[in-house]
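One structure below.
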């Protein structure tokens, strides 16, 4: 087994990986940019090395610097987390050349799955259902329009090198295709340095359902069930759960879906942990979307229903161990959900909200799991992803998970910066969400903090707020007076108050 | 279902019960003493009412005041937690008279199980194995000595009204029995207002194994497996786990043990959640010890391996619902452990350590559950039990649970007061503990913070400590200078340090 | 009504009104001004001291000039207008990036650009004025 | 050796020594004196400023008089000795109760009780002198 692992990442996922290493008795090496010297992932590691300036291009994306630290510190393996270099085949290859084990799939699998058109080809050849589309990137807008006319609108334009919703455009009618083509190309070029765009038939009101797979380096495969990730904003997942409310009632669909995922992973020549993403329409027809060749943000929900530590399995597989689970040896139990807590202000259009976390109180008690990269007193830097914590809940049933999350959200306090906690409080009250009737458009169409009708808290709660404010004001005035050595001013207990309210459901 | 429940308790257990009520949509009423106005259990409740002065005898033990609040606030049921009035049959009866449902067993069951000699009688009659002993309280020391001579030393003297190790004495030889008798009587009188003492054959190196049972009010019973609670200090449990390392390898013993527990609960005329405690010798012979007619402190470990929320089941049973589980319908999965985090100083003989919690950082991540009654900035009052938090871990195997707890203990920070966190760090390294070779004497005999060989951290860690101290000192001096408007003093970077070390294992 | 306010420290208060308990989190946003969270809702509250009332000047809210400020700290990646440009309501003026997200700041009204105080590449703090529209 | 100390706030420091990372928690216990937790161990550290060294007086540690102090805040439930009593080493003097636990304070040496400053029922704070043994 490895004695030392370098974690080529930051934030909650670096902390998450370090936790498992620590439990396995493996020494951990953190790397950090200038903006992250005081970050939690540095503090919980055994060793820590600076790798450059704040922008990721100067630090977390610098392959040579990271490998240099790995060599100097004696790392035997590197865990890439998600994002940054995790799906960069050149990094995987550079690790191999440097004699350091990359904890992830072979570079070849990353490379072929990274080119979306190539991945589609492989899957179609292997008999995995794919959405009808151009076989590879369209030459120009005319070829895209020709395909759209043949298949019928709406269609989806997608960056071939894409991911995370960048370089993606829905086109509803012929008149919009030229503009959308230019936008998709422009975004793709900016995000991936590659403006190749291909066309797919658009699945209406699709659900995003994915399957977690594990494969060892000896060619054994197992799936760990599906995850429903349809709740998205700007193509970014925001809440995930397992089992999928749609799939749950259809054992036959689940069987076919999970078999297709294993087939896809085999076709990709996969090893280690990976996720096969599918689009699913209302009739439960599913189509291969892409394969994520790394650990997913939302992996904890699978851990909660299976009891399996996915990071531990990743490390064991990378160390050459055989899979520890037979295909029918995994027990699934209950339901789990994850809320991604972002440093974003839902009342201001989800604007980023970096800054100092003045107060942090985490929820606790039965069925709650928190993975955070934040600590009280720490300043969330503005250079990176705004994900500061993941709140997960497990319970025997979906309804109980929702009740538990609702309870946990009342306990969860982040002071000093805006977060999406309040957004989740509202989301959990949404009848469509509660019924499991969700698709990837739910948050954009029927629901947003801006458009949803929000109510002020009831009168008594408002009064409580006022009283606390008066008290605080009185206290601060007293303190200020004392500091200045003046006599305490006469404070009128019946001070007048002005109140403006926004956001939040009524109790 | 109840719409409002009063929680007649404080601290972590009141918070724990409120969490489940909240998840069930039940409004909660907290009660608090003068010492607890700012306590967490008040803050997380929907309603809160003062019930008297700080000493429990003036507040949490005042039946009439609590019932008065229940009536005024419209509570339909009362959850008593553990301790305080939870095993007081008069309280259960007073609730019934007041038309308020007591969430617990019938008063009659509490009463008969509360008198230890009566409980023994009932169990012996029902065919549950009991330790050989005097059928009821011994008349005097001569009767006690006569029994001891007949059965053979060592024997145990026990308060008939006892519990929590009060009024208990081990007698190893005839010459000690007179002194022990006087001490046991004295303690029993002081603790319970009743000096009745009985004699039992002492089980050597016993293990404390208990079985969680649930019973509905229609006479259906189910067990939720055993818990191993042998790690005790002064007869107080300090770490609990399930399954028991001893019983785990003996399916026949487990079957017999759990059957005996159901038999005992039936014989007691039991309903709601309860625990049947047994002593077990090295040959796995087990003897009824007592029945705890309430929720146990250590109930979370059972929740972690079964996925069942015991408080929810308590409430459902009290509302007249039928048990939701068939005897063979409960799935047990993995292993769980609980560390009781006390506000006690293990480096000073476990002296109580009340005071202000200057900093609180809870462990998170996979497999960790925390139940705390404390918050940052809160002052632990000196009037009550020193339990401030329970740290639990779940993992597939016992070894993995220990590794996980070890990891979690590194993350768990309580600043401002001493706690038993450091003690657990050492305990988890103990080879006997790791091997599961534990009995109720382990902590008293072979292991204590005072007697165990403690090492200073390695040189480099000491150096790190020094550097931080120099830095802090420098900062504070600079701040002080700035405040006073003086010029910053010249600080010698090579300041001299004096160091004294105590406690803690080497890394 | 029976009221009881207890300071829990760090801007947290427990307020009990006739038995009903509310936990209130206050963040000061100015002199006697707070952002107050209660029941999962956020309220902006200003405590008006009778003395300070006397000193308040009549509001000058509607002068016609609007300052478009950075809503968050970040980096300016694009400036779409110059001084003297006529702009429509909701027209994009400046793009600021933070945490991998780009945000376009729009004109709050129809008018003329009176000042541009940012250029691409600038680091800006929250509340900094980037464009003034007359 | 390459050293790097970063202040994380609230008495927490990250110290990196040649790449090895230590998180150190400091609680001030006096002027430039700290209780320092690192690696699960607690150290008492005093930072000696050269200037203050000059002002230090020679220690008066071994005067023969011992003050028995309350190790924690609590309530005195029993006092076993009176002024003038001869006591042996480890003999029980006073019992203090806190958090449902009784703690007997014993004599640190053989000697004579010079003062008794507590009686049953008294509330005492940590460090308060209860008995003086000569």
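Residue numbers (our numbering), protein chains in the order written: chain A, 1019 to 1525; chain B, 1019 to 1525; chain C, 282 to 415; chain D, 282 to 415.
Ideal Cβ placement from N, Cα and C applies to all residues, glycine included.
1400, 1402, 1403, 1404: these are the residues of the region 1380 to 1412 of chain A whose beta carbon lies less than 7 Å from some beta carbon of chain C, given in chain order.
Under the Cβ criterion (8 Å, minimum of three pairs), the region 1377 to 1392 of chain B counts as touching the region 1422 to 1432 of chain B. With 16 or more other Cβ atoms from the protein chains shown falling within 10 Å of its own Cβ, residue 1248(B) counts as buried. When the alpha-carbon of residue 1349(A) is set against those of 1326(A), 1368(A), 1330(A), 1083(A), the nearest one is in 1326(A). Here residue 1491(A) carries a helix assignment [DSSP, helix/strand/coil].
Residue 1460(B) and residue 1264(B) have their C-alpha atoms roughly 15 Å apart.
Only those residues of the region 1055 to 1073 of chain A whose C-beta falls short of 7 Å from the nearest C-beta of chain D are listed: 1055, 1056, 1060, 1061, 1063, 1064, 1065, 1066, 1067.
Taking a Cβ-Cβ threshold of 7 Å, the residues of chain A close to residue 1414(B) are 1325, in chain order. Taking 8 Å as the CB threshold, residue 1088(B) stays off the interface with chain C.
One Cα belongs to residue 1276(B), the other to residue 1101(B), and the distance between them is close to 25 Å. Straight through space, the alpha carbons of residue 1307(A) and residue 1142(A) are spaced by roughly 11 Å.
When the beta-carbon positions are compared, residue 1319(A) and residue 1415(A) stay at least 8 Å from each other.
In the three-state reduction of the DSSP assignment, residue 1167(B) falls in the helix class, which pools H, G and I.
Listed by position along chain D, the residues whose Cβ is nearer than 8 Å to that of residue 1091(A) are 300.
For residue 308(D), the closest Cβ of chain B is nearer than 8 Å. With contacts defined as CB atoms closer than 8 Å, residue 1353(A) and residue 1413(A) qualify as a contacting pair. Fewer than three Cβ pairs drawn from the region 1226 to 1240 of chain A and the region 1437 to 1447 of chain A lie within less than 8 Å of each other, which leaves the two stretches out of contact.
Under the three-state reduction of DSSP, residue 1186(B) is assigned to strand. Within the region 1410 to 1482 of chain B, the complete beta strand (DSSP E) runs of at least 3 residues fall at 1431 to 1433.
Bridge pairing for residue 347(C): 414(C) [DSSP].
Between the region 1107 to 1125 of chain A and the region 1275 to 1293 of chain A there are three or more inter-stretch CB-CB distances shorter than 8 Å, so the stretches are counted as touching. When the Cα atoms are used, residue 397(D) and residue 1379(A) turn out to be separated by approximately 46 Å. Judged by DSSP in its simplified three-state form, residue 403(C) adopts coil rather than helix or strand. Classified as exposed, residue 1344(B) has fewer than 16 neighbouring CB atoms from the shown chains inside 10 Å of its CB.
Taking a C-beta distance under 8 Å as the contact criterion, residue 1063(A) and residue 1336(A) do not qualify as a contact pair. With a cut-off of 8 Å on Cβ pairs, the region 1401 to 1410 of chain A is in contact with the region 1358 to 1378 of chain A, counting three or more such pairs. Residue state for residue 1296(B) is assigned as strand, using DSSP reduced to three classes. For residue 1421(B), the residues of chain A that pass the 9 Å Cβ criterion are 1040, 1041, 1042, 1043, in the order they occur in the chain. Given a length threshold of 3 residues, each whole run of the beta strand (DSSP E) inside the region 1328 to 1379 of chain A is given here in chain order: 1353 to 1360, 1377 to 1379. For residue 1130(B), the enclosing alpha helix (DSSP H) covers residues 1125 to 1132. CA-CA distance, residue 324(D) to residue 1282(A), rounds to 56 Å. Residue 1107(B) is positioned such that its CB atom lies closer than 8 Å to that of residue 1128(B). In this structure, the straight-line span from the alpha carbon of residue 1166(B) to that of residue 1480(B) is close to 55 Å. As a beta-bridge residue in DSSP terms, residue 1226(A) pairs with 1297(A).
Annotated as proximal: residue 1372(B) and residue 380(D), with beta-carbon spacing under 8 Å.
Interface with chain A (8 Å Cβ-Cβ cutoff): residue 287(D) is included.
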